[in-house]
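Student: Numbering (my numbering), first residue to last: 1 to 241.
Glycine residues also receive a C-beta, built at the ideal position from the N, C-alpha and C atoms.
The structure presented is a predicted model; accordingly, all values stated were derived computationally and were not measured.
Let me give you the structure first, and then I'll get to my questions.
Here's what the structure looks like:
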């Protein structure tokens, strides 16, 4: 077995005979930050759902720290040390910011320690002035930051983020990029994203999906200059990426 933190072997899923993801071999090392890109329908979001437990694979294996996790529920996978952020924020709108963070921290800490950790995380997401505001009253970007804070408070080994910058202003996107880098100082990270400018700022390595499989992997510069990637996904826009 590989020493990779997360590994998939021949992972795939089919819907009505259509292979949405086909035989993907993927490795993520400790401390790595990986971005998944590709055109719509390429399989990247489906792959994300397979490794996060939102979908059950038709074939293949997923290993986290050497333990098979294919087919486990999202809740079970999260308890193993994987923080999962789907596209839609999964927060408690009827509770204030601090209480959302405290609840997330109780997964790893006792009651008193959870509150102290929540206060610490509150500063890291720069929402101290909003500690007692209901999350449902916050802006879209702030609600996203609360969820990133909840992930930080659960102290995961691996963080899975599905389009974390979607719908944000440029200023909010800049803060989100910094938060993801902050998370990566403590955990490995996989990000599914479309915004190439955002990816340029956070990515160490990029995996490009196309037609249900991996087309290319490498640094931002390597991927954006790859002729196959330009033809399949980036096109002429790569010149200005």
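Okay, do the stretch 87 to 104 and the stretch 140 to 155 touch, 3+ Cβ pairs below 8 Å being the bar?
Tutor: Output reads yes: the stretch 140 to 155 touches the stretch 87 to 104.
Student: Terminal residues of the continuous beta strand (DSSP E) containing residue 112?
Tutor: That residue, residue 112, is in no beta strand (DSSP E); its alpha helix (DSSP H) goes 111 to 124.
Student: Please identify the residue among 109, 48, 107 whose C-alpha is closest to the C-alpha of residue 11.
Tutor: With distances taken between Cα atoms, residue 11 lies closest to 48.
Student: Going by other Cβ atoms of all chains shown within 10 Å of its Cβ, with 16 needed for buried, is residue 164 buried or exposed?
Tutor: Answer is buried; the Cβ neighbour count reaches 16.
Student: With DSSP collapsed to three states, give me the class of residue 241.
Tutor: Note that residue 241 scores 35 on pLDDT, short of 50, meaning its location in the model is unreliable; the coordinates nonetheless yield the value given after this. Residue 241 falls in the coil class under three-state DSSP.
Student: Residue range of the beta strand (DSSP E) that residue 46 falls in?
Tutor: Not the beta strand (DSSP E): residue 46 falls in the alpha helix (DSSP H), residues 44 to 52.
Student: According to DSSP, simplified to helix, strand and coil, what is residue 167?
Tutor: Reduced to three states, the DSSP call for residue 167 is coil.
Student: What are the start and end residues of the alpha helix (DSSP H) that includes residue 96?
Tutor: Residue 96 -> no alpha helix (DSSP H), and no H or E assigned at all.
Student: Sorted by chain position, which residues of the same chain lie with C-beta nearer than 7 Å to residue 89's C-beta, five sequence neighbours on each side aside?
Tutor: Within the same chain, residue 89 has close Cβ partners 143, 144, 147.
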